[in-house]
Each structure stands twice: as C-alpha cells, then as structure tokens.
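Engineer: Following the numbering used here, the numbering of the sequence shown begins with -19 at its first residue and continues without gaps. Even glycine gets a Cβ: it sits at the ideal position worked out from N, Cα and C.
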Amino acid sequence: MHEGLDSEIVIATTADGRSFFVKDWKFRPLAGFTDVHRMTAAGKLGYIVKTDGTLYSFSLDRNNNPSVPVQVKGMSGIVDVSMSGGHVLALRRDGTLFAQGSNDFGQLGNGTM
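1) Within 10 angstroms of its Cβ, does residue 18 collect 16 or more other Cβ (buried), or is it exposed?
2) Is it true that the CB of residue -3 sits closer than 8 Å to the CB of residue 31?
3) For the beta strand (DSSP E) holding residue 68, just list the boundary residues, first then last.
4) Could you check where the beta strand (DSSP E) with residue 47 kicks off and where it finishes?
5) From the DSSP output, read off the bridge partner residues of residue 102.
6) Quick check: the Cα distance between residue 52 and residue 26, rounded to an integer number of angstroms?
7) Find out if the Cβ-Cβ distance for the pair residue 62, residue -6 is shorter than 8 Å.
8) Write down the C-beta distance between residue 49 and residue 13 rounded to the nearest angstrom, noting that I regard them as a contact closer than 8 Å.
9) Within a Cβ cutoff of 6 Å, which residues of the same chain sit near residue 96, ignoring the five residues on either side of it in sequence?
10) Which residue's Cα is closest to the Cα of residue 37: 68, 44 and 43?
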C-alpha cells in the first residue's frame, strides 16, 4: 500500500491500484478511482498518477469530502508526483520535470523567487 500523509489528507492505494481516502478514521473509496500508480497530498489538495501516465488532481471540501479527480490537461507520460506546501513536482517518463505553485524559496527551480 502506498500512502500520502498530511495533516488533512490521508490517501492510499492498494496493490491492485484502487485508491482510498480517510474520513472519520475509515478508509473510503476515492471516486471509484482505479489503476493508480502514485499519489501525493498536502493540505487539502492531492494528485494522482494513473498507470497510463495521466495526472489528476483533487481537493477536499470544508467537510473533508474529496472532489472527483480531474485530469490535468497537457500532462502525459508521468511516472511520479510529489508535493510539499504550495508546490507540486511531476516527473515525465523521459526525465522532464514539471513544477507548479509557490516559489517563495526557489522551489520551482527556474532561477526566480
């Protein structure tokens, strides 16, 4: 089981690719999502990489119910995803690294802050 753990989101995927989130101390299916390769979460935001390399994002509402994951357009061939605080990194199969979000301390690696 892979897990993404943060103060507000706990998400997990089983060996067969089913994904779950925790609410009221119970694992619940995440919008029936299957074929999950990787996932990450921070705060009330999460990202999922499916086995076909597509990237999806979701968030929690004020009652900590997850939204239906939405595919991130233009992102394909993704093999890994990670986030911390206000930024997310996605790694493409060809080695290209994508960064989005907060850049207060140069997290995005583009030479600006």
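Structural biologist: This is what the structure gives:
1) buried
2) yes
3) 67 to 72
4) Note, residue 47: premise wrong, no beta strand (DSSP E); not H, not E.
5) Residue 102 falls outside the range modelled here, since the chain spans only -19 to 93, and no answer is possible.
6) 12 Å
7) No, the pair does not count as a contact, with Cβ atoms beyond the cut-off.
8) 6 Å
9) Because the chain in this structure spans residues -19 to 93, residue 96 falls outside the shown range and cannot be described.
10) Nearest of 68, 44 and 43 to residue 37, Cα basis: 68.
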